[in-house]
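Residue numbers (our numbering): 3 to 208.
These notes concern the structure reproduced below.
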Amino acid sequence: MLAWCAASEAQVARVAAADAVQIEATVKQYYSLSHADASCRFSRTDDNGMPLDPRVHHRAYRDAQYTRTFKTVFSHALFALMKRTCVDSDKVTGMLDVRLSDSEIDSDPSNYGNDVRMKVTRPVRILAADPSRVRVRVDWSEMVKGARKPYSVGRSDVILVKEGDAWLIDDVYSLGVADGPPSQLDMSIQDFEQSPGVVRLRGNAP
C-alpha cells in the first residue's frame, strides 16, 4: 500500500485513495522493467554494452518497443523527450536507467546488467502532492541474479503528473549507495536533489 509521508511537520501530503492506487501501480510498473527495457536497449548486451539483438538497429523496431514499454508509464512530455535518444538516435545508446543510479552497469566486463532486477524495499511514500502533481519516495535495491545481497541500494524521488485519469511519471531523481539502511538517505527534498551523485532522468532538460 502507498504510505503517507509528511512533506514537513506542518504539511501532510495526501491524495485520494483511487489516485494512490494508480500512483503506486505506475511506480511498480516502472520498477518491474528489466534493465534492458528501462535503458531503451531492448536487448541483452555484449561486453561493450551494445545490443545483441540486430532488430534494435531498426528505427521501427525501437519505436514499437519504446511505445510498448513507456506509453503507459511516462507523461506525454517525458515520452516525447526520451524518444529522441531511445528511438530517433541512430547510435542506439538508449537512456540512463536512472532507477538504479549505477554508472558502471553498461561498461563492467562481467556484463552483469543483463541479470539485474530492481526490488522496491519499503512502501512507496508521498513526499508532496497537489491535485495534478505528486512526488513520491521509492527505496530500492539493485539485485543481480544469483547474488543474495544487493549490489547497491538507494532512494529515488519519482515525480508523477495527472493526465486525464492516469498518473504518469514526469521525472526521477535517484541516488545509489553501496549498502546501509534506508535511513541514511532521509533528508529534505532540496537536500536530496543537491546531494553529490544524484542523477536526474530529464538530465538538464526543464
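Even glycine gets a Cβ: it sits at the ideal position worked out from N, Cα and C.
Spatial distance of residue i from residue j (CA atoms)
{"i": "Y68", "j": "V89", "result": "7 Å"}
{"i": "D92", "j": "G115", "result": "22 Å"}
{"i": "D173", "j": "A79", "result": "10 Å"}
{"i": "W6", "j": "R137", "result": "Bear in mind that a pLDDT of 45 at W6, under 50, signals an unreliable position, so the model cannot answer this."}
{"i": "S77", "j": "M120", "result": "22 Å"}
{"i": "N113", "j": "F44", "result": "15 Å"}
{"i": "K209", "j": "S158", "result": "An answer regarding residue 209 cannot be provided, because it is not within the stretch 3 to 208 covered by the chain."}
{"i": "S105", "j": "V146", "result": "15 Å"}
{"i": "S134", "j": "G148", "result": "41 Å"}
{"i": "D21", "j": "A130", "result": "14 Å"}
{"i": "Q192", "j": "Y175", "result": "11 Å"}
{"i": "F81", "j": "A180", "result": "31 Å"}
{"i": "M189", "j": "T87", "result": "32 Å"}
{"i": "I128", "j": "V122", "result": "15 Å"}
{"i": "G205", "j": "R61", "result": "23 Å"}
{"i": "Y63", "j": "P56", "result": "10 Å"}
{"i": "L187", "j": "Y33", "result": "19 Å"}
{"i": "D167", "j": "R16", "result": "17 Å"}
Short Cβ contact (8 Å threshold) for residue i with residue j
{"i": "L177", "j": "S197", "result": "yes"}
{"i": "V126", "j": "V140", "result": "yes"}
{"i": "D99", "j": "H37", "result": "yes"}
{"i": "V58", "j": "Q31", "result": "no"}
{"i": "L35", "j": "T71", "result": "yes"}
{"i": "M84", "j": "S41", "result": "no"}
{"i": "Y155", "j": "W142", "result": "Residue 155 is actually Val in this sequence, not Tyr. Contact flag set, yes."}
{"i": "R124", "j": "P184", "result": "yes"}
{"i": "E144", "j": "P152", "result": "yes"}
{"i": "V200", "j": "F194", "result": "yes"}
Residues that residue i bridges to, as DSSP identifies them
{"i": "I171", "result": "F76 and L162"}
{"i": "R16", "result": "DSSP output for R16 lists no bridge partner at all."}
{"i": "G178", "result": "G156"}
{"i": "V201", "result": "S176"}
Short CB-CB distance (under 8 Å) between residue i and chain B
{"i": "S36", "result": "No chain B is part of this structure, which consists of one protein chain only."}
query = Could you give the uninterrupted runs of the beta strand (DSSP E) lying entirely in the stretch 116 to 160, keeping only those of 3 residues or more?
reply = 118 to 122, 127 to 132 and 135 to 146
request  = Could you tell me which uninterrupted alpha helix (DSSP H) segments, each at least 4 residues in length, are contained entirely in the stretch 41 to 103, listed from first to last along the chain?
outcome  = 61 to 72 and 78 to 85
message = Tell me whether the stretch 15 to 33 and the stretch 46 to 60 touch, counting them as touching only if at least three CB pairs, one residue from each stretch, are closer than 8 Å.
response = no
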